[in-house]
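Chains as they are written, first to last, in my numbering: chain A, 8 to 244; chain B, 1488 to 1788.
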Amino acid sequence: MIRVLKFQDVYASYGSVLALQGVSLKVAEGEVVALLGANGAGKSSTLRTISGLLRPSKGIVEFEGRRIDRTAPERIVQMGISQVPEGRQTFTELTVIENLRLGAYTRRDGRAVKQDLERVYTYFPVLAERRRQQAGLLSGGEQQMLAIGRALMAKPRLLLLDEPSLGLAPILVREIFEIIGKISKEEGLAILVVEQDASLALGIASHGYVLETGTVALHDTADNLKKSDSVRRAYLE
Amino acid sequence: MEEFAQQVVTGVSIGSIYAIIALAIVLIYRSTSVVNFAQGEMAMFTTFITWSFLLRMDFWPAFLLTIVVAFFIGAALEIVVMRPVERAPHLNSIVVTLGLLAIFNSVALWRYGPLQKPFPDPDNWCIGDSCLEIFQGDAFTAGAVTISRLNVGILFVALMIMVALFLMFNYTKLGLAMRATALNPVASQLVGINVSRMLALGWGLAAAVGAVAGVMTASSLNLSIDMMAGILIFGFAGAVLGGLDSPGGAIIGGLSVGVFQVLAGNYIDSQIDLMAAFAIIFIVLVIRPTGLFGRRLVRRV
Chain A
8 MIRVLKFQDV
18 YASYGSVLAL
28 QGVSLKVAEG
38 EVVALLGANG
48 AGKSSTLRTI
58 SGLLRPSKGI
68 VEFEGRRIDR
78 TAPERIVQMG
88 ISQVPEGRQT
98 FTELTVIENL
108 RLGAYTRRDG
118 RAVKQDLERV
128 YTYFPVLAER
138 RRQQAGLLSG
148 GEQQMLAIGR
158 ALMAKPRLLL
168 LDEPSLGLAP
178 ILVREIFEII
188 GKISKEEGLA
198 ILVVEQDASL
208 ALGIASHGYV
218 LETGTVALHD
228 TADNLKKSDS
238 VRRAYLE
Chain B
1488 MEEFAQQVVT
1498 GVSIGSIYAI
1508 IALAIVLIYR
1518 STSVVNFAQG
1528 EMAMFTTFIT
1538 WSFLLRMDFW
1548 PAFLLTIVVA
1558 FFIGAALEIV
1568 VMRPVERAPH
1578 LNSIVVTLGL
1588 LAIFNSVALW
1598 RYGPLQKPFP
1608 DPDNWCIGDS
1618 CLEIFQGDAF
1628 TAGAVTISRL
1638 NVGILFVALM
1648 IMVALFLMFN
1658 YTKLGLAMRA
1668 TALNPVASQL
1678 VGINVSRMLA
1688 LGWGLAAAVG
1698 AVAGVMTASS
1708 LNLSIDMMAG
1718 ILIFGFAGAV
1728 LGGLDSPGGA
1738 IIGGLSVGVF
1748 QVLAGNYIDS
1758 QIDLMAAFAI
1768 IFIVLVIRPT
1778 GLFGRRLVRR
1788 V
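Structure representation (structure tokens):
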């Protein structure tokens, strides 16, 4: 298996608050990895460190064998990592199609971008119907679809998803996770998904990490994590 | 009624300069939440640069070259002066722009002296022997309404700059990226936009747009160190009236301020045009605090 992401003994902080205290994890090509943990365990900080929004104070972050822990966020997108941020962060005052075009901002291959746009529309037909509407007028679920679609437009090889279920109705959440699973299979896309709802994330992941106060407390296959007593008690029940 | 129409036409001509300055202020405000108080003095300074170019070349090349130079001055200011205070409270940045105001004023005084400089009016907006006919000759008349060639020229240039900006913002990838940066800088970074570069571009564009206002002002009033002081106040009023973050609003706001000013000067007293214009703006802002076209601030928790 080809390693897409390597995160080795990474420390990062917001001012004087330590967010990550020696986190190590790996993501291989085409696999879905779940990142679980309570609020404040460092899940979002891990994603922010990968996408370059948070600069690690110590440790190594590698993407496809290249160090990226000192690389600017816009450059990281160009290299092939897209993040769907927590709370979706769509450009609410721009139209759906403008949001998707911005997703492809770093790309110069116009024709392929058009094809990818059609592909995003096939995954999320509702976006095609609403392409001329302001993103802010979409429902929460549709905005989440738009945020994922926008990230896909960059043609990433690693997709970072931060709490895709946040604030959404359970039925929508299931639909979105099904699509995420499908995208990963069809595109051979590696996905690192942060999720409060562990059963959802473990449903599509092959393995997972459990973070506790900025360190990895547990790492195992998805099946074992689902059976693990501590995970069940903390996150599944 | 005809007199009224005449006043409105004059107001629109004056207001188009305010509109351009308002546009420059909005270009910076919407992406950085900083009001650039140096906008007027930057425009004055770049117009002195135009004047020094005019000693060597015709109007149009000098004008275009000034716009380019102003763009680079603006971008450099953002990188060298504004970026270090970017993360501090906005008030710090605003104080820095006040410092810039003083610096541009002193440097212009030191380099160019206190005397007014002659500046070509649209009659002489030429390149070689070819001048645009529309700017030549007597005032235009339509019925009882006349509009001077100077005002035709100013309106023409103002319209050009607005159309150019509109096309850039709405039909180019760069324009889309600049709008995105103004709306959501973090999300912009996450789609691969170099946000710092967009901010520098925004300052560059604002300085270039301001340079246009400076040249238009000098064409109507002659070039002097203090020519932009009043224009900045009215332009700022226009920007606030329009909503501070809406380019379209800036234009309508600037034009309205010009019209208010002329109407008040004519129908009330020419001594109180400033006050009357501000009274109207005050009333509008009491009713609509975000201005005519401003975004309503929505804070989501």
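All C-beta atoms in this analysis are idealised placements derived from N, C-alpha and C, irrespective of residue type, glycine included.
Reference A:GLU185, options A:GLY72, A:LEU145, A:ILE155 and A:PRO80, closest by Cα: A:ILE155
Chain B contact for A:GLU100 (CB, 8 angstroms cutoff): yes
8 angstroms Cβ cutoff, B:GLY1730 in contact with chain A: no
A:ARG157: contacting residues in chain B (beta-carbon distance under 7 angstroms): VAL1678
Counted within 10 angstroms of its Cβ, other Cβ atoms place A:HIS214 as buried (16 or more) or exposed: buried
Helix, strand or coil at A:TYR21 [DSSP, three-state]: strand
Whole-angstrom C-beta distance between A:VAL201 and A:VAL39, which should lie under 8 angstroms: Actually they are not in contact, since the Cβ atoms of A:VAL39 and A:VAL201 sit about 12 angstroms apart, beyond 8 angstroms.
Where A:VAL68 sits in the DSSP three-state scheme: strand
Min CB distance B:ARG1666 to chain A below 8 angstroms: yes
Distance, A:ARG77 Cα to B:MET1569 Cα: 24 angstroms
For A:VAL219, the three-state DSSP class (helix, strand or coil): Sequence check: residue 219 of chain A is Glu here, not Val. Looking at A:GLU219 - three-state DSSP - the assignment turns out to be strand.
CB contact below 8 angstroms: A:SER146 versus chain B: no
Span separating the alpha-carbon of A:VAL103 from that of A:LYS121: 15 angstroms
Nearest candidate by alpha-carbon position, reference A:GLY59, set A:GLY87, A:VAL34, A:LEU42 and A:GLU36: A:GLY87
Closer than 8 angstroms to chain A by CB, B:ASN1709: no
Rounded straight-line distance, which links the Cα of A:GLU193 to that of A:ARG164: 12 angstroms
Whole-number beta carbon distance between A:THR228 and A:ALA48, since they are thought to touch under 8 angstroms: Not confirmed; about 20 angstroms, so no contact.
Per-residue burial, B:MET1647 [other beta carbons within 10 Å of its own, 16 or more giving buried]: exposed
Straight-line Cα distance separating B:VAL1699 from A:THR113: 32 angstroms
For A:ARG137 and B:THR1584, the rounded distance between their alpha carbons: 42 angstroms
Collapsed DSSP secondary structure at B:ARG1543 in the structure displayed: coil
Distance CB(B:VAL1499)-CB(B:ILE1512) smaller than 8 angstroms: no
Same chain, Cβ closer than 7 angstroms to A:LEU207, five either side skipped, listed in chain order: SER172, VAL180 and PHE184
Nearest-angstrom beta carbon gap, B:GLY1741 and A:GLN85 [assumed within contact, 8 angstroms]: Incorrect: roughly 39 angstroms between the Cβ atoms, too far for contact.
C-beta neighbour in chain B for A:THR113, strict 8 angstroms: yes
Backbone secondary structure at B:LEU1779 - three-state DSSP: coil
According to DSSP, residues forming a beta bridge with A:HIS214: A:VAL40 and A:THR228
Within-8 angstroms CB hit, A:GLY110 to chain B: yes
Expected contact under 8 angstroms - CB spacing of B:MET1531 and B:PHE1622 to nearest Å: Rounded, the Cβ-Cβ distance is 23 angstroms, inconsistent with contact.
Span of the beta strand (DSSP E) around B:THR1633: 1632 to 1634
Simplified DSSP assignment, three categories, for A:ARG73: strand
B:CYS1613 versus B:LEU1541 - alpha carbon distance: 11 angstroms
Interface residues of the region 43 to 58 of chain A facing chain B [CB-CB below 8 angstroms]: SER58
Proximal residues of chain B, C-beta to C-beta of A:PRO63 below 7 angstroms: By Cβ distance, chain B contributes nothing, its closest Cβ being about 17 angstroms from A:PRO63, past 7 angstroms.
Contact the region 1542 to 1562 of chain B vs the region 1725 to 1741 of chain B: 3+ CB pairs below 8 angstroms: no
CB contact check: B:VAL1788 to chain A, cutoff 8 angstroms: Legend: pLDDT at B:VAL1788 = 36, less than 50; position of this residue unreliable, no value from coordinates given.
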